[in-house]
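Numbering (our numbering), first residue to last: 532 to 792.
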């Protein structure tokens, strides 16, 4: 899961998507499971190399010119550009909202309606990115309600979980992740429409990246928790992404983990 697209890395996601996953890695992944690899790009409140529609158009054109990769792809533009990207992107690119509210409509100024997104043909949304949690104070309870609503209208959801640096360093990673996982699992009825994004907060946009070994260990722990608390069939089929300063240079090493999708 590649974050943002500031100017120095404007073409990074294009290169990451264009390269897809090498054939050798795809074969290796198939030995572990039948899960389809997935790559996501969260543009946050950025518009490619600037803040204009032209900047977005340039970015989408670059992605459209990429070779269709051997993995599933989604991009998360700023809300104002969702419709533009949806109408101009290649068929193999899925457009994903960065956030939805727990209600379909009403007096909720500034929020985004999942039902309205679905009406626009946009059937994906992130849920609970760390910036929503840390900056806007979103709780596990609210995020659980968003997941329940998104499930009720058939959206594909990408709930995000992760720990802060001090929590990682004190050995409390799973202590932090388990309540987040509970908020997800208690509100999901159709796991085929869920992709969990493990994004250590200390690695998001910082240039710091979990080592492949750290990422794999945490993903394995997440999958074990899912197996023990939800069921082995769900755990085996569930796709778990890694996010946090991912780029075209480190993505292949990160994706080589048996539990990293």
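Built from N, CA and C at the ideal position, the CB exists for glycine as well. Small disclaimer: the values here were computed from a predicted structure and weren't measured.
- With a cut-off of 8 angstroms, do at least 3 Cβ pairs link the region 737-748 to the region 777-786? yes
- Query: Using the beta-carbon count (16 or more within 10 Å), is residue 590 buried or exposed?
  - Reply: buried
- Report yes if the C-beta distance between residue 774 and residue 746 is below 7 angstroms; otherwise report no. no
- Fully enclosed by the region 722-765, which alpha helix (DSSP H) runs are 4 residues long or longer? 743-760
- Short check: CB of residue 656 to CB of residue 732, under 7 angstroms? Against a cut-off of 7 angstroms, the Cβ pair of residue 732 and residue 656 comes out as no contact.
- Integer-rounded CB distance, given that residue 687 should sit under 8 angstroms from residue 654: 6 angstroms
- Message: Distance check for residue 789 and residue 637, CA to CA, integer angstroms please.
- Response: 44 angstroms
- From residue 750 to residue 724, what does the alpha carbon distance come to, in whole angstroms? Straight across, the Cα-Cα distance linking residue 750 with residue 724 is about 19 angstroms.
- Task: Give me the Cα-Cα distance between residue 791 and residue 616, rounded to the nearest whole angstrom.
- Result: Rounded to whole angstroms, residue 791 to residue 616 spans 28 angstroms at the Cα level.
- Message: Just to confirm the assignment: which complete alpha helix (DSSP H) runs, minimum length 4, are found wholly within the region 611-640?
- Response: 613-619
- Message: Suppose contacts are defined by Cβ-Cβ distances below 7 angstroms. Is residue 680 in contact with residue 717 by that definition?
- Response: no
- Task: For residue 789, name the three-state secondary structure that DSSP assigns.
- Result: Here residue 789 sits in coil by DSSP.
- Do you know how far the Cα of residue 625 is from the Cα of residue 808? In the structure displayed, the chain extends from 532 to 792; residue 808 sits before or after that span and is not available.
- Message: Can you find the residues in the same chain that come closer than 6 angstroms, C-beta to C-beta, to residue 608, ignoring five residues on each side of it along the sequence?
- Response: Excluding residues within five positions, the ones whose Cβ falls inside 6 angstroms are 574 and 616.
- Euclidean distance between Cα positions of residue 677 and residue 631: 7 angstroms
- Item | Through-space distance from residue 622 to residue 603, alpha-carbon basis | Rounded to the nearest angstrom, the two C-alpha atoms are 11 angstroms apart.
- Task: Name the one or two DSSP bridge partners that residue 710 has.
- Result: Residue 710 is not bridged to any residue.
- Query: Between the C-alpha atoms of residue 649 and residue 605, what's the straight-line distance to the nearest angstrom?
  - Reply: 15 angstroms
- Keeping to the same chain, check which residues put their C-beta closer than 7 angstroms to that of residue 726; ignore five residues upstream and five downstream. 569, 689, 770 and 772
- Task: Tell me whether residue 611 is buried or exposed, calling it buried when 16 or more other Cβ atoms sit within 10 Å of its Cβ.
- Result: Residue environment analysis places residue 611 among the exposed positions, since fewer than 16 neighbouring C-beta atoms fall within 10 angstroms of its C-beta.
- Segments assigned beta strand (DSSP E), at least 3 residues, entirely inside the region 661-714: 687-692
- Would you list the one or two residues that DSSP bridges to residue 657? 689
- Could you please give me the residues that DSSP links to residue 604 through a beta bridge? Looking at the DSSP assignment, residue 604 forms a beta bridge with 570 and 624.
- Opening and closing residue of the alpha helix (DSSP H) in which residue 781 lies: Per DSSP, residue 781 belongs to no alpha helix (DSSP H) and is neither H nor E.
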